[in-house]
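Per this note's numbering, the very first residue in the sequence shown carries number 1; after that it's consecutive. For every residue, glycine included, the Cβ atom is placed at its ideal position computed from N, Cα and C. Small disclaimer: the values here were computed from a predicted structure and weren't measured.
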Amino acid sequence: MLLVFLSILIWLGLISFWGGFWKADQRLGVPAPPEAWPDVVAVIPARNEAAQIAEVLEAHAATAYPGVFRVILVDDSSTDGTGDLARGVAGRIEVIAAPPIEPGWTGKLWALHQGIRAAGDAEYLLLTDADILHAPDTLERLVAKAAQGSDLVSLMARLDARGRWGALLIPAFVFFFQKLYPFAWVNAPGRRTAGAAGGCVLIRRAVLEEIGGVASLRGALIDDCTLAARVKRAGHAIWLGLAEREVVSLRDNRALGSVWTMVARTAFTQLRHSPILLLGATLGMALLYLTAPLAVAWGVVSLNATLAFYGALGWLLIAGAYRPTARLYGQPLWQSLTLPAAALLYMVMTLDSARRHWLGRGGAWKGRVYPAD
């Protein structure tokens, strides 16, 4: 019973005082246009992205941006014809090949580094992924947002939540990310909290150069949040929001293994490879997400109505906090009750992330294994 009460108190504290993370209300909107539209270059690292690269680049080619805009795709040693498919897309697309990766770099950042070097002196860089689909007006709205005073503007792409596993895990992933980096705190200049979503980052080139460019991040596996933290630490404003249809991820999350690989790659890195933090995170997740439903189950089995009542109260509190994010992903009301099940799976994924790290496979991605950053 004490654990149930403690869980409820913690949730009340999080809902009341933790940056309003649960509201899922940080959206791009339609900002007022700037007096002049700056030049923008999109840099897209791509490694074995043949399945969707043409669709992604055609969307960039159809961008309705009033200023000068061009796209540089960096083919990172693809073996599936990604580069050739990219060259076949008409429009403002330039394709370059990344040289062999140098020691100490992750593949994505190495490719970004090459693309930025080829980007010339454009005022803004749009750093995006090869599986992210941009709407025609997205860039215009990102630049207008930046013109209001943010040197880094990022949108967390709408992720694929189809299928049984996607519906269970993807909205929960977005919820956990908001809890880890409350967007309102990220967007507040007076707060130290900093975060970004690497699939869509618009950054002022001069600011990127000021912090040392992507070379200063070269070993980071969680490069987006590392970038945001360094930009904010340097005294620059950043903004992070949730996308609806502005940017959409084409990564297929219908299989459990797809989400598992994504999470296990970096979860233990987020905990700074600390067994103590791993233990604390596991116990904390169990207390926050599992205590209430277990209390309901045990209360029913043991005919303890009081325990079942407070367990149900705690569970409804969790579901209520989750509801705005679940609604963003079009989930029915009942599915907000599934967050504890998703949390249990994410706990196991985090433990597996630690196991992979200790086996020397912690940073495995697209045929490469990176050392701990």
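Rounded C-alpha distance that separates residue i from residue j
i           : j           : result
residue 353 : residue 260 : 9 Å
residue 341 : residue 321 : 15 Å
residue 121 : residue 205 : 8 Å
residue 146 : residue 139 : 10 Å
residue 257 : residue 2   : 36 Å
residue 181 : residue 230 : 15 Å
residue 148 : residue 123 : 15 Å
residue 297 : residue 109 : 47 Å
residue 299 : residue 312 : 10 Å
residue 275 : residue 359 : 14 Å
residue 357 : residue 264 : 9 Å
residue 168 : residue 60  : 31 Å
residue 172 : residue 4   : 22 Å
residue 107 : residue 45  : 9 Å
residue 32  : residue 203 : 18 Å
residue 215 : residue 43  : 15 Å
residue 102 : residue 220 : 14 Å
residue 228 : residue 7   : 32 Å
residue 226 : residue 217 : 7 Å
residue 199 : residue 174 : 14 Å
residue 314 : residue 326 : 18 Å
residue 242 : residue 187 : 12 Å
residue 335 : residue 248 : 22 Å
residue 125 : residue 154 : 12 Å
residue 89  : residue 332 : 39 Å
residue 55  : residue 344 : 35 Å
Local Cβ density within 10 Å of residue i, reported as buried at 16 or more and exposed below that
i           : result
residue 355 : exposed
residue 302 : exposed
residue 11  : buried
residue 183 : buried
residue 82  : buried
residue 68  : exposed
residue 143 : buried
residue 376 : This structure does not reach residue 376, given that the chain is present from 1 up to 373, and the question cannot be answered.
residue 224 : buried
residue 323 : buried
residue 192 : exposed
residue 190 : exposed
residue 196 : buried
Span of the beta strand (DSSP E) around residue i
i           : result
residue 137 : Looking at the DSSP string, residue 137 is not in any beta strand (DSSP E), and its letter there is neither H nor E.
residue 95  : 93-97
residue 45  : 40-46
residue 156 : 152-156
residue 89  : First-last for residue 89: undefined, no H or E at that position.
residue 124 : 124-128
residue 309 : Per DSSP, residue 309 belongs to no beta strand (DSSP E); it is in the alpha helix (DSSP H), 305-328.
residue 204 : 200-204
residue 70  : 69-75
residue 247 : 247-249
Spatial neighbours of residue i in its chain, beta-carbon cut-off 7 Å, leaving aside the 5 residues before and after
i           : result
residue 137 : 64
residue 222 : 266, 269 and 270
residue 232 : 194 and 238
residue 38  : 67, 123, 124 and 143
Residues near residue i by beta carbon distance below 6 Å, same chain, minus five either side
i           : result
residue 328 : 24
residue 350 : 267
residue 236 : 151 and 207
residue 87  : 95
residue 170 : 159, 161 and 253
residue 305 : none
residue 373 : Only weak support is given to the placement of residue 373: the predicted model assigns it a pLDDT of 45, under 50, and the value that follows is read from those uncertain coordinates. Same-chain partners within the cutoff: 219, 220 and 221.
Host alpha helix (DSSP H) of residue i (start-end)
i           : result
residue 287 : Unbroken run through residue 287: none, as it is neither H nor E.
residue 241 : Premise fails: residue 241 lies in the beta strand (DSSP E), 238-242, not in any alpha helix (DSSP H).
residue 268 : 256-270
residue 56  : 53-61
residue 229 : 223-233
residue 171 : 163-180
Own chain, CB closer than 8 Å to residue i, minus 5 neighbours either side, in chain order
i           : result
residue 114 : 74, 96, 98 and 99
residue 309 : 299
residue 141 : 28, 29, 30, 31 and 246
residue 213 : 113 and 116
residue 34  : 143, 144 and 147
residue 375 : As displayed, the chain neither begins before 1 nor continues past 373, which places residue 375 out of reach and without an answer.
For the stretch 18-32 and the stretch 116-133, state whether three or more C-beta atom pairs, one from each stretch, are separated by less than 8 Å. no
At least three beta-carbon pairs within less than 8 Å, the stretch 159-171 to the stretch 238-256: yes
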